[in-house]
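J.:
Residue numbers (my numbering): 41 to 449.
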C-alpha cells in the first residue's frame, strides 16, 4: 500500500502541472467552440469539449490577462478574450506544421497566435520565451515576431474577420489570410516537433474572438486516462441537468425529488436496502447507487444486492485514509461498480477549506481512482458560487474521464 500511495501522490501533483507526456503518433484537432454551457464560474472554457472538438477532450488554460469565455450568449460559438492583454494556452502541444483559426480582432485592439516550446509563457507575441508570434489588427495590419529579431510587418485587405493559416517549414512561414498568401523568411528556424499554442487578444473595450481552430497534429496523451483505468462516468447529484450536460454523463437524484418523478434522470441515490429494492422494482432501467459515508465501510459492511453501484464520501480525508476506504470497499462490494464522491464545497469537520483546497481534492480523488479498476467514476455536487477553481477542476477531471478519444491516429 505504501508503494501505491507514493505513486498516487506523484499522480496528484502531475494532475495540476503543465501536461507533458511522451509523444505519440499525431492526428488532426478541431475546435468549433459550439455548445459549451456558459456559466458565471467557468465561462464555458472547458465545457462540452468532447463534442465541440470531436477528436478528443483537450482543455485550455488562461495564462494571462482578463476574462475568457466560450459560447457566451453575446458571442455564441466563439472563444472570446477580454482585457488589455489576455491569452489562453491549449493544454496539449502541436506536433505538426500547420495551424489555422478565424480571428476577429476588436476595432481598437489585436488578436494573436503565438507558438512556443515553453508551456510556461504568458503567450504575448513580444515575450522572449516564444518561438513565433503573429499579431493581427482590425485594419488588416500584420506583424510577425521572434525573440531577438526585428519584427516583420505586412498587411491584408481589412475585413471584419480573418481566416488565418500558418504553415511552418524550417526558417520559412507560409501565411495565408482570407486567401491572401505571404511567404515570409524567418530570422530563426521554428522547430515543429512540440510547440505549445497560445491564442490571445487585447483591447480596453471589446473582446477579441477566435473560432474554428484547427491544428494539423496534436499530442493529447498527457490528458488521457492511465492505461488500465476503468473510469467512464462523471456524474452529478442534484444538479440542474442543462448546466452540467457538457461535462457529465450521469445525472442522479435523491428518491422523491421532482426530477425523479418526471423520469428525467439517469438513476437514483439510495441510503438503505429497502429503498433500493423498491426503486429497482419500479424503475428497472435506471441505475441505483447506494451512497454511504466512508466511516460505514468496515468488515461488517453489507451492500444490498439490488443496487448497481456503491459510492462513498469521506470529507477531509487524505491519501492514506481514502485509499484504505477504497481498498475495503473493493473487498466488501465485489462485482459492483464503485464511485468516489469528492466534496465540491466545504464540509464538516473541515468547513474552513478554501477553493484552492477543494481544487486539490478533485485531483487527489482522480489520482486514486485510476489505481483501482473497480472504481468507474465520480459523483460530485455543484460548487459554491465563488469557488471557480474547484469548478474548473471538476470540468478538467470530467474531460479526462469522458474524453476517450486519443489524438494518436
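Note that the Cβ used here is the ideal one computed from N, Cα and C, for glycine as well.
Among 271, 426 and 294, which residue has its Cα nearest to the Cα of residue 308?
T.: Working through the chain shown from its first residue, we reach residue 308 at position 268. Nearest of 271, 426 and 294 to residue 308, Cα basis: 294.
J.: I need the boundaries of the beta strand (DSSP E) containing residue 109, first residue and last residue.
T.: Residue numbering aside, residue 109 sits at position 69 when the chain shown is read from its first letter. Where residue 109 is concerned, the enclosing beta strand (DSSP E) stretches over 108-112.
J.: In terms of DSSP beta bridges, what is residue 224 paired with?
T.: Numbered from 1 along the chain shown, position 184 holds the residue referred to as residue 224. For residue 224, which the question treats as bridged, DSSP gives the partners 213.
J.: Around the C-beta of residue 65, are 16 or more other C-beta atoms found within 10 angstroms, so that it is buried, or is it exposed?
T.: Within the chain shown, residue 65 is the residue found at index 25, counting from 1. The pLDDT assigned to residue 65 is 41, lower than 50, so where the model puts this residue is not dependable, and the model offers no usable value.
J.: Return the residue from the list 354, 192, 178 and 179 that minimises the CA-CA distance to residue 172.
T.: Numbered from its first residue, the chain shown carries residue 172 at position 132. Here the closest residue by C-alpha is 192.
J.: What whole-angstrom Cβ distance do residue 117 and residue 72 have, given they're in contact under 8 Å?
T.: As a working note, residue 117 is residue 77 in the chain shown. As a working note, residue 72 is residue 32 in the chain shown. At roughly 7 Å, the Cβ-Cβ gap stays under 8 Å, so residue 117 and residue 72 are in contact.
J.: Would you say the beta carbon of residue 74 is closer than 6 Å to some non-hydrogen atom of the ligand MN?
T.: Among the components modelled here there is no ligand, and therefore nothing to report on the ligand MN.
J.: In three-state terms, what does DSSP make of residue 405?
T.: Numbered from its first residue, the chain shown carries residue 405 at position 365. Helix.
J.: Which class does residue 202 belong to by DSSP, given the choice of helix, strand or coil?
T.: Position 162 of the chain shown holds residue 202. If DSSP states are grouped into helix, strand and coil, residue 202 belongs with the strands.
J.: Would you give the residue range spanned by the beta strand (DSSP E) that residue 378 belongs to?
T.: Taking the first residue of the chain shown as 1, we reach residue 378 at position 338. Unbroken beta strand (DSSP E) run through residue 378: 377-380.
J.: So, at 7 Å on beta carbons, what are the nonlocal neighbours of residue 252 in its own chain, with the 5 sequence-adjacent residues on each side left out?
T.: By 1-based counting over the chain shown, the position of residue 252 is 212. 72, 141 and 142, listed in sequence order.
J.: Using the Cα positions of residue 259 and residue 68, report the straight-line distance between them to the nearest angstrom.
T.: Working through the chain shown from its first residue, we reach residue 259 at position 219. Working through the chain shown from its first residue, we reach residue 68 at position 28. Roughly 9 Å separates the two Cα atoms.
J.: In terms of alpha-carbon separation, which member of 185, 219 and 212 lies closest to residue 201?
T.: As a working note, residue 201 is residue 161 in the chain shown. Closest in C-alpha terms to residue 201, from the list 185, 219 and 212, comes 219.
J.: Report yes if the CB atom of residue 399 is closer than 7 Å to the CB atom of residue 357, and no otherwise.
T.: Start at 1 with the first residue of the chain shown, and residue 399 comes out as number 359. Start at 1 with the first residue of the chain shown, and residue 357 comes out as number 317. Contact: no.
J.: Alpha carbon to alpha carbon, what distance is there between residue 156 and residue 314?
T.: Counting from 1 along the chain shown, the entry for residue 314 is found at position 274. Counting from 1 along the chain shown, the entry for residue 156 is found at position 116. One C-alpha to the other measures close to 59 Å.
J.: Does residue 405 pass the burial test, meaning 16 or more other C-beta atoms within 10 Å, or should it be called exposed?
T.: Residue 405 sits at position 365 when you count from the first residue of the chain shown. Residue 405 counts as buried, since no fewer than 16 other beta carbons sit within 10 angstroms of its beta carbon.
J.: I want to know whether the segment 405-425 touches the segment 236-248 - three or more CB-CB distances under 8 Å.
T.: no
J.: Using the Cα positions of residue 63 and residue 390, report the straight-line distance between them to the nearest angstrom.
T.: Locating residue 63 in the chain shown gives position 23, where the first residue counts as 1. Locating residue 390 in the chain shown gives position 350, where the first residue counts as 1. Its pLDDT being 38, under 50, residue 63 is placed unreliably in this model, and the value from its coordinates should be taken loosely. Going from the Cα of residue 63 to the Cα of residue 390 covers about 41 Å.
J.: To the nearest angstrom, how far is it from the Cα of residue 316 to the Cα of residue 344?
T.: Taking the first residue of the chain shown as position 1, residue 316 is located at position 276. Taking the first residue of the chain shown as position 1, residue 344 is located at position 304. Whole-angstrom Cα-Cα distance: 7 Å.
J.: Which of helix, strand or coil does DSSP assign to residue 78?
T.: As a working note, residue 78 is residue 38 in the chain shown. It is coil, neither helix nor strand.
J.: Can you look up residue 388 in the DSSP assignment and give me helix, strand or coil?
T.: Translated into positions along the chain shown, residue 388 becomes position 348. Reduced to three states, the DSSP call for residue 388 is coil.
J.: Which residues in the same chain have their Cβ closer than 8 Å to the Cβ of residue 161, if we skip the five residues on either side of it in sequence?
T.: Mapped onto the chain shown, residue 161 falls at position 121. If we look at residue 161 and ignore the five residues flanking it on each side, its Cβ neighbours are 103, 129, 154, 167, 169, 170, 236 and 238.
J.: Ignoring anything shorter than 4 residues or poking outside the segment 221-291, list the alpha helix (DSSP H) runs there in chain order.
T.: 281-284
J.: On the DSSP bridge assignment, give the partners of residue 307 in chain order.
T.: Position 267 of the chain shown, counting from 1, holds the residue named residue 307. According to DSSP, which records beta bridges pairwise, residue 307 is partnered with 292 and 327.
J.: Please report how far the alpha carbon of residue 395 lies from the alpha carbon of residue 214, in whole angstroms.
T.: Working through the chain shown from its first residue, we reach residue 395 at position 355. Working through the chain shown from its first residue, we reach residue 214 at position 174. Cα to Cα, residue 395 sits roughly 45 Å from residue 214.
J.: At the level of alpha carbons, what is the spacing between residue 415 and residue 335?
T.: The sequence position of residue 415 within the chain shown is 375, counting from 1. The sequence position of residue 335 within the chain shown is 295, counting from 1. Whole-angstrom Cα-Cα distance: 18 Å.
J.: Which residues in the same chain have their Cβ closer than 6 Å to the Cβ of residue 320, if we skip the five residues on either side of it in sequence?
T.: As a first step, residue 320 is located in the chain shown; it is residue number 280 there, counting from the start. Result list for residue 320: 328 and 346, in chain order.
J.: When the Cα atoms are used, what is the spatial distance from residue 231 to residue 306?
T.: Mapped onto the chain shown, residue 231 falls at position 191. Mapped onto the chain shown, residue 306 falls at position 266. Going by the C-alpha atoms only, they are around 48 Å apart.
J.: Flag this pair as yes or no: are the beta carbons of residue 189 and residue 163 separated by less than 7 Å?
T.: One-based indexing of the chain shown puts residue 189 at position 149. One-based indexing of the chain shown puts residue 163 at position 123. It is not a contact, given that the beta carbons lie outside the stated cut-off.
J.: Pick helix, strand or coil for residue 166, following the three-state DSSP scheme.
T.: Here residue 166 refers to the residue found at position 126 of the chain shown. Note: residue 166 maps to coil in three-state DSSP.
J.: State buried or exposed for residue 377, treating a residue as buried only when at least 16 other CB atoms are found within 10 Å of its CB.
T.: Along the chain shown, one-based indexing puts residue 377 at 337. Classified as buried, residue 377 has 16 or more neighbouring CB atoms from the shown chains inside 10 Å of its CB.
J.: Let me confirm a value: residue 80 is counted as buried when at least 16 other C-beta atoms fall within 10 Å, else exposed. Which label applies?
T.: Taking the chain shown and counting its residues from 1, one reaches residue 80 at position 40. Residue 80 comes out exposed.
J.: Residue 126 bridges to which residues according to DSSP?
T.: Working through the chain shown from its first residue, we reach residue 126 at position 86. Paired residue(s): 241.
J.: Just mark residue 112 as buried or exposed, buried being the case when its beta carbon has 16 or more other beta carbons within 10 Å.
T.: One-based indexing of the chain shown puts residue 112 at position 72. It counts as buried.
J.: Taking a contact to mean a Cβ-Cβ separation below 7 Å, would you say residue 145 touches residue 151 in this structure?
T.: Here the question's residue 145 lines up with position 105 in the chain shown. Here the question's residue 151 lines up with position 111 in the chain shown. Yes. Within cutoff.
J.: Return the residue from the list 368, 353, 439 and 374 that minimises the CA-CA distance to residue 401.
T.: For this step, residue 401 is matched to residue 361 along the chain shown. It is 353.
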